[in-house]
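So the sequences go chain by chain: A and B. Be aware that the first sequence starts at 1, since it is given in the numbering used here, and climbs by one per residue. Be aware that the second sequence starts at 198, since it is given in the numbering used here, and climbs by one per residue. For reference, the structure is listed below as structure tokens.
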Amino acid sequence: MTDLRSAPVPPPRPDDHIRGPEDGPVLIMYADFACPRCALAHERLRDQPVRLVFRHLALKAKHARAVPLACAAEAAAAQGAFWPMYDALFGDPGHLDDPHLWARCERLGLDVERFEADRRSPAVAERVSRDVRDALRAGATATPTLFHEGVLHAGPPDAELIARLGLPATMVRFGFREEANAPADRRAGRKGNTYEQ
Amino acid sequence: MSIVAPGTPVPDFRLVRENGDDFTREDLLGHTTVLVFYPFAFSPVCTDQLQVYEEALDDLKAQGATVYGVSTDAHWSQAAFRKELGVSIEQLSDFEPKGATARKLGVYFEPGGMTNRALVIVGPDGVVAWSHLADSPDDLPGVNLIFDGLAAAAAV
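In structure tokens, the structure reads:
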């Protein structure tokens with residue numbers, strides 16, 4: 001029997017994609033490369049002293065490219081280029097079709113033929129699926145879903161999460177100031193509208 | 198009013214399918230049903246919720262459970278909502294009399310004039326097997342709670 005019953009978010013694992021200072025606050029981010037709110041999360045966390053653990057929350061119904069892009073990032077990871085591909089995907093969310101992926105591979109010096117084979121491999125599909133199922137079991141209900149010390153935060157980082165991470169409130173750019181003044185009970189998961197303004 | 202408790206037979210009710218047909222207590226009999234009550238079609242939080250549930254639909258089917266979304270929106274709106282989301286979860290309308298079924302099951306949110314965010318699992322015998330009412334309409338229940346509910350219902 002398949003099991004998606006509740007389970008705590010798994011702690012960082014050896015095969016996770018992790019970057020940032022080892023002594024920084026650990027933030028597990030379940031996200032989707034086709035999701036504007038996830039791109040906003042990336043923007044707010046970029047270059048900040050956070051120990052970021054990235055996992056996939058690629059929902060088929062949410063974005064047609066969600067799963068293909070997750071698999072593409074894993075295929076890049078097989079060539080040691082997960083984070084360069086991560087930055088390249090979130091850095092240019094308007095170009096996410098296959099030819100754009102191949103162009104990124106060439107820019108990053110990846111073997112495109114191997115990339116093509118890897119992103120369609122069962123192992124990559126299984127890896128993406130594992131992350132998604134872990135997220136669902138941990139109660140994820142939005143993209144992105146963030147976890148710090150086991151506590152779920154739906155949506156991009158906001159003032160409350162920044163405070164919990166122990167980071168200065170001035171660290172986040174791109175509209176954070178306005179959002180920091182939003183009512184405290186406003187749902188993080190509804191902040192997609194803020195991004196569009 | 199509190200949400201209908203496990204062990205309670207579902208009372209007679211009438212909802213409307215996307216094609217305009219009635220959906221009644223008779224439609225619950227013979228299989229496990231998960232009723233997902235949500236406030237409004239096209240609201241951002243509902244969007245996330247049903248798309249997340251869609252991801253687990255095969256696993257829910259494997260457990261013999263059929264999932265329906267229920268709100269007070271008209272069935273035309275619900276059909277458009279489902280298509281917009283790209284989900285296959287059938288929608289049931291509690292439009293007229295507004296929220297009548299939700300009120301019977303204790304999941305109507307009077308202050309908002311809408312269905313509250315709630316989950317009700319009904320067994321093949323038409324008896325409520327498990328139920329969950331969110332702390333607030335903004336509080337999304339993860340799909341993990343449905344699996345917890347199915348496990349709890351099976352253990353009884």
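The C-beta atom is built at its ideal place from N, Cα and C for all residues, glycine as well.
Chain B residues whose Cβ lies nearer than 8 Å to that of residue i
{"i": "Val67(A)", "result": "Correct list: empty, because the minimum Cβ distance to chain B is about 10 Å."}
{"i": "Leu59(A)", "result": "Gln248, Val249, Glu251 and Glu252"}
{"i": "Val132(A)", "result": "Glu252"}
{"i": "Leu136(A)", "result": "Val249, Glu252, Ala253, Gly339, Val340 and Asn341"}
Exposure label - residue i; buried when at least 16 CB within 10 Å
{"i": "Gln197(A)", "result": "Reliability of the predicted coordinates at Gln197(A) is poor, the pLDDT of 25 falling under 50, and the value obtained from them is presented with this limitation in mind. Burial call: exposed."}
{"i": "Phe54(A)", "result": "buried"}
{"i": "Val9(A)", "result": "buried"}
{"i": "Phe176(A)", "result": "Bear in mind that the predicted position of Phe176(A) carries a pLDDT of just 45, short of 50, making it unreliable; the figure below should be weighed with that in mind. Classification for Phe176(A): buried."}
{"i": "His95(A)", "result": "exposed"}
{"i": "Glu113(A)", "result": "exposed"}
{"i": "Phe174(A)", "result": "For Phe174(A), the predicted structure reports a pLDDT of 45, less than 50, and the residue's modelled location is therefore unreliable. The matter cannot be settled from this model."}
{"i": "Gly339(B)", "result": "buried"}
{"i": "Asp158(A)", "result": "buried"}
{"i": "Val207(B)", "result": "buried"}
{"i": "Leu239(B)", "result": "The sequence given here has Phe at residue 239(B), not Leu. Phe239(B) is exposed by the Cβ-count criterion."}
{"i": "Glu293(B)", "result": "exposed"}
{"i": "Ala352(B)", "result": "exposed"}
{"i": "Asn216(B)", "result": "exposed"}
{"i": "Arg127(A)", "result": "buried"}
{"i": "Ser333(B)", "result": "exposed"}
{"i": "Ser328(B)", "result": "buried"}
{"i": "Val151(A)", "result": "exposed"}
Contact belief for residue i with residue j at Cβ below 8 Å, rounded distance in angstroms
{"i": "Leu254(B)", "j": "Val264(B)", "result": "7 Å"}
{"i": "Thr201(B)", "j": "Val317(B)", "result": "For the record, residue 201(B) in the displayed sequence is Val; it is not Thr. So it is a contact: roughly 6 Å between Cβ atoms."}
{"i": "Arg133(A)", "j": "Leu4(A)", "result": "6 Å"}
{"i": "Tyr30(A)", "j": "Pro144(A)", "result": "6 Å"}
{"i": "Arg44(A)", "j": "Gly20(A)", "result": "Wrong, their Cβ atoms sit about 14 Å apart, outside the cutoff."}
{"i": "Asp291(B)", "j": "Thr269(B)", "result": "5 Å"}
{"i": "Arg314(B)", "j": "Tyr235(B)", "result": "6 Å"}
{"i": "Ala348(B)", "j": "Ala326(B)", "result": "In fact, because the Cβ distance is near 11 Å, the residues do not count as touching under 8 Å."}
{"i": "Met149(B)", "j": "Phe220(B)", "result": "Here chain B has residues from 198 to 353 only, and residue 149(B) is not among them."}
{"i": "Asp32(A)", "j": "Cys38(A)", "result": "5 Å"}
Residue j beta carbon less than 8 Å from that of residue i
{"i": "Leu57(A)", "j": "Ala140(A)", "result": "yes"}
{"i": "Ala76(A)", "j": "Met85(A)", "result": "yes"}
{"i": "Ala66(A)", "j": "Ala34(A)", "result": "yes"}
{"i": "Arg214(B)", "j": "Thr298(B)", "result": "no"}
{"i": "Gln248(B)", "j": "Leu282(B)", "result": "yes"}
{"i": "Leu232(B)", "j": "Pro321(B)", "result": "no"}
{"i": "Leu69(A)", "j": "Leu89(A)", "result": "yes"}
{"i": "Phe82(A)", "j": "His17(A)", "result": "yes"}
{"i": "Ala72(A)", "j": "Leu101(A)", "result": "yes"}
{"i": "Ala271(B)", "j": "Gln288(B)", "result": "no"}
{"i": "Val26(A)", "j": "His148(A)", "result": "yes"}
{"i": "Glu74(A)", "j": "Arg119(A)", "result": "yes"}
{"i": "Ala61(A)", "j": "Val284(B)", "result": "yes"}
{"i": "Gly155(A)", "j": "Ala142(A)", "result": "yes"}
{"i": "Leu108(A)", "j": "Ile28(A)", "result": "no"}
Neighbour list for residue i in chain A, Cβ cutoff strictly below 9 Å
{"i": "Leu232(B)", "result": "The contacting residues do not exist; Leu232(B) stays about 18 Å from chain A at best."}
Interface residues of chain B facing residue i [CB-CB closer than 7 Å]
{"i": "Gly139(A)", "result": "Gly339 and Asn341"}
{"i": "Leu4(A)", "result": "Ala253, Asp256, Val340, Asn341 and Phe344"}
Under 7 Å from the C-beta of residue i: neighbouring residues of chain A
{"i": "Ala348(B)", "result": "Arg5"}
(request) Return the residues of the stretch 277-300 of chain B that lie within a Cβ-Cβ distance of less than 9 Å from chain A, sorted by chain order. (result) Leu282, Gly283, Val284 and Ser285
(request) Determine which residues of the stretch 19-51 of chain A have a Cβ less than 9 Å from any Cβ of chain B, and write them out in chain order. (result) none
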